[in-house]
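Letter 489 of the sequence shown, counting from 1, is numbered 489 in my numbering, and no numbers are missing.
Here a beta-carbon is modelled for each residue, glycine too, at the ideal position from N, C-alpha and C.
Nothing here was measured: the structure is a model prediction, and the numbers come from that model.
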Amino acid sequence: MKNPDVIVIGSGIGGLCCAGLLAKAGKKVLILEAHSKPGGAAHGFEKNGYKFESGPSLWSGLGTWPTTNPLGQVLKALNQKVDLIKYRDWNVQIPEGDYTIGVGDRRFLDQIYSISGKKALQEWDQFIQVIKPIGAAANAIPLLALNQNKDTVFQLFKRSKTLFTHLKSFKYLGGAFGNLVDDHLKDPFLINWVELLCFLISGLSKNETNAAAMATLFDDWFKDDAYLEYPKGGSESIVNALLNGIYSFGGKLRLNSKVSQIIIKRNKAIGIELQNGEKVYADHIVSNADIWSTLDLIPKEISQKWRNERSRTPKCKSFLHLHLGFNAEGLENIPLHSIWVDDWARGITAERNVVVLSIPSALDQSMSPPNKHILHGYTPANEPWEKWENLKIGTKEYEKTKEDRCSVFWKPIERIIPDIHERIEIKMLGTPLTHQRFLNTKNGSYGPALSAAEGLFPGNKTPIKSLLMCGSSTFPGIGIPPVAASGAMVANTILGSKFQRNLIEELGI
Ligand SMILES: Cc1cc2nc3c(=O)[nH]c(=O)nc-3n(C[C@H](O)[C@H](O)[C@H](O)COP(=O)(O)OP(=O)(O)OC[C@H]3O[C@@H](n4cnc5c(N)ncnc54)[C@H](O)[C@@H]3O)c2cc1C
Numbered sequence: 001m002k003n004p005d006v007i008v009i010g011s012g013i014g015g016l017c018c019a020g021l022l023a024k025a026g027k028k029v030l031i032l033e034a035h036s037k038p039g040g041a042a043h044g045f046e047k048n049g050y051k052f053e054s055g056p057s058l059w060s061g062l063g064t065w066p067t068t069n070p071l072g073q074v075l076k077a078l079n080q081k082v083d084l085i086k087y088r089d090w091n092v093q094i095p096e097g098d099y100t101i102g103v104g105d106r107r108f109l110d111q112i113y114s115i116s117g118k119k120a121l122q123e124w125d126q127f128i129q130v131i132k133p134i135g136a137a138a139n140a141i142p143l144l145a146l147n148q149n150k151d152t153v154f155q156l157f158k159r160s161k162t163l164f165t166h167l168k169s170f171k172y173l174g175g176a177f178g179n180l181v182d183d184h185l186k187d188p189f190l191i192n193w194v195e196l197l198c199f200l201i202s203g204l205s206k207n208e209t210n211a212a213a214m215a216t217l218f219d220d221w222f223k224d225d226a227y228l229e230y231p232k233g234g235s236e237s238i239v240n241a242l243l244n245g246i247y248s249f250g251g252k253l254r255l256n257s258k259v260s261q262i263i264i265k266r267n268k269a270i271g272i273e274l275q276n277g278e279k280v281y282a283d284h285i286v287s288n289a290d291i292w293s294t295l296d297l298i299p300k301e302i303s304q305k306w307r308n309e310r311s312r313t314p315k316c317k318s319f320l321h322l323h324l325g326f327n328a329e330g331l332e333n334i335p336l337h338s339i340w341v342d343d344w345a346r347g348i349t350a351e352r353n354v355v356v357l358s359i360p361s362a363l364d365q366s367m368s369p370p371n372k373h374i375l376h377g378y379t380p381a382n383e384p385w386e387k388w389e390n391l392k393i394g395t396k397e398y399e400k401t402k403e404d405r406c407s408v409f410w411k412p413i414e415r416i417i418p419d420i421h422e423r424i425e426i427k428m429l430g431t432p433l434t435h436q437r438f439l440n441t442k443n444g445s446y447g448p449a450l451s452a453a454e455g456l457f458p459g460n461k462t463p464i465k466s467l468l469m470c471g472s473s474t475f476p477g478i479g480i481p482p483v484a485a486s487g488a489m490v491a492n493t494i495l496g497s498k499f500q501r502n503l504i505e506e507l508g509i
């Protein structure tokens, strides 16, 4: 594409949502992606007929309309639908035992009763009654109605009648979820469970996880008829749907195109330089890369105060990954997701204490060859970068450390598939170094470790004119719904009030 209006650096979900809305508004949008696959943390890759996932496994709020999920709203705006498979249950391996726990009230209540008894059941019920109005308050202001310009005030004013009814709950939205947990839950299992959910969503403890994010999640997951959605064909199907929307409005994507520098003239971003020396100019540059990688793209002498401040942003830890392709014979009723916790007492954020296993082919046979399964295991944001930063991929020491550290996966897998080792056809282990390499995130981090107790994530504007940011380093934070919202907010900031109002009216949100 010649002379794009907007360049988006990175094709993560945030970048794609931003590009899609900009293209819909008639802007010439060019997405430049460093990797050979689009989607960032949500990209898929294929090997010997197995379709492997690199990141997200929990999706919801995409299959029904209306939805409060910003990604569902952007897909609708781009006229895109994704085939989704509904499910409710997870397999959970916790110190108390192995359980089937999932979303939807009934099943979880039965499990609370069997683990902690009647009193815990009442406690949970009261907790949900406290959380409900907070979730409703958070949902009363669609994230797509927010951005960093004047229109946010208009949107809030327009909704003032509805918002007034939620007034009492607003004070909780910006704070940490932990305060609500501490005030209302005493049962150790319930506290541990909520702590686990917080960690899986934000990469942080309950005392650092945003209350609005958790309240909306609870609103979604703990109602009677709640269910989760697995995109048929994996995360790649979501990425492809966003891309189809972008292409339908004339937007373009270039893969294998790593940006090495943002070109800045008189404190205004005017273009980018690719690693191969090619320069592309545009009116606006949007970085979907994380904050540390974005700062690396800006010449050192520019906005030094901001750079210094933002470069000190603390990082969530990284991941260990295990990808398996294996023989599925005789493995009927294998669980789609399993979450394993070794020891609550070590703390939910402790290294190698939590493992997530996902076997998408248990639900969607198109993910693997006939009679085979794929498995993606990961330790969610609890692997320290410091253990890896001085190791070199390919050396004996690296290979040994990789096998040692990734041995954490076998115990939970053997609990579901005792003879897994005889079944394996493909095995790939991933470390923070591989995570950094393929997801292009600094130190393989999950994102900024910004505590909700200290405030919100930073907005999408930068002190450099025409340079904006979207994705998990910006408000509202980490995870698929938040990054989709951040992408939409950047599009709204660039396009202005009229587009934003029309979009909200078109979607009826
Ligand atoms: C293992 C794992 C499991 C997860 N599970 C869930 C889940 O179940 N549910 C959920 O909601 N969230 C989950 N998440 C979180 C969620 O996937 C991420 O927060 C989200 O996808 C990040 O999107 P993003 O827009 O910030 O961009 P990213 O995904 O970070 O993508 C940024 C893109 O920018 C590109 N890029 C970076 N620098 C450059 C450059 N210089 N030039 C060109 N391109 C560049 C990268 O290659 C990348 O493609 C999970 C994450 C991981 C890693």
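- Under the Cβ criterion (8 Å, minimum of three pairs), the stretch 169-180 counts as touching the stretch 448-455.
- For LEU324, the shortest separation between its Cβ and any heavy atom of ligand 1 does not lie below 7 Å.
- At a threshold of 7 Å, THR441 counts as near ligand 1, since its beta carbon sits closer than that to one of the ligand's heavy atoms.
- Secondary structure of THR100 (DSSP, three-state): strand.
- For PRO38, same chain residues with a beta-carbon under 7 Å away, outside a window of 5 residues either side, are SER11, VAL239, LEU243, LEU253 and LEU255 in chain order.
- If you ignore the 5 residues before and after PHE499, its C-beta comes within less than 6 Å of the C-beta of ALA25, all in its own chain and listed in chain order.
- Using a Cβ distance threshold of 8 Å, GLY20 and VAL74 count as a contacting pair.
- Relative to ligand 1, the nearest heavy atom lies less than 7 Å away from the CB of ALA289.
- CA-to-CA, the gap between ALA449 and GLU309 works out to about 14 Å.
- Residue LEU196 holds the alpha-carbon nearest to the alpha-carbon of ALA345 among LYS51, ALA120, ASN3 and LEU196.
- Secondary structure of GLU329 (DSSP, three-state): coil.
- Rounded to the nearest whole angstrom, the C-alpha separation of LEU71 and TRP410 is 34 Å.
- With a minimum length of 4 residues, the unbroken runs of alpha helix (DSSP H) contained wholly in the stretch 209-258 fall at 211-221 and 235-248.
- Nearest to ASP290 by C-alpha distance, out of GLU505, ASP342 and VAL8, is VAL8.
- Distances taken from the Cβ of VAL483 to the heavy atoms of ligand 1 include one shorter than 7 Å.
- Taking one beta carbon from each stretch, the stretch 458-466 and the stretch 327-344 have fewer than 3 pairs nearer than 8 Å; the two do not touch.
- In the structure shown, the three-state DSSP call for HIS184 is helix.
- For ASN192, the secondary structure class from DSSP, reduced to helix, strand or coil, is helix.
- In the three-state scheme derived from DSSP, where H, G and I count as helix and E and B as strand, LEU200 is classed as helix.
- The C-alpha of GLY233 lies about 40 Å from the C-alpha of GLN122.
- In this structure, ALA211 is the residue among LYS387, ALA211, LYS396 and TRP221 with its C-alpha nearest to the C-alpha of LYS171.
- Residue VAL6 holds the alpha-carbon nearest to the alpha-carbon of ALA23 among ILE134, ILE13, GLU96 and VAL6.
- Taking a C-beta distance under 8 Å as the contact criterion, ILE339 and VAL356 qualify as a contact pair.
- Check the Cα spacing between LEU503 and each of MET1, TYR50, LEU78 and ASN48: the tightest is with LEU78.
- LYS461 has LEU468 as its beta-bridge partners, per DSSP.
- Short note on GLY479: C-beta closer than 7 Å to some heavy atom of ligand 1.
- Between ligand 1 and the CB of SER160, the shortest heavy atom gap is not smaller than 7 Å.
- Note that the C-beta distance between ASP220 and ALA226 is below 8 Å.
- Taken through DSSP and simplified to helix, strand or coil, PRO448 comes out as strand.
- Straight through space, the alpha carbons of ARG159 and ILE141 are spaced by roughly 8 Å.
- A contact between stretches requires three or more CB pairs, one per stretch, nearer than 8 Å, and the stretch 424-433 meets this requirement with the stretch 318-331.
- For ASN147, same chain residues with a beta-carbon under 6 Å away, outside a window of 5 residues either side, are MET489, ASN492 and THR493 in chain order.
- Between GLU236 and HIS43, the beta carbon gap of about 7 Å places them in contact (Cβ cut-off 8 Å).
- Short note on VAL259: C-beta closer than 7 Å to some heavy atom of ligand 1.
- Pairing PHE218 with ILE131 gives a Cβ-Cβ distance under 8 Å.
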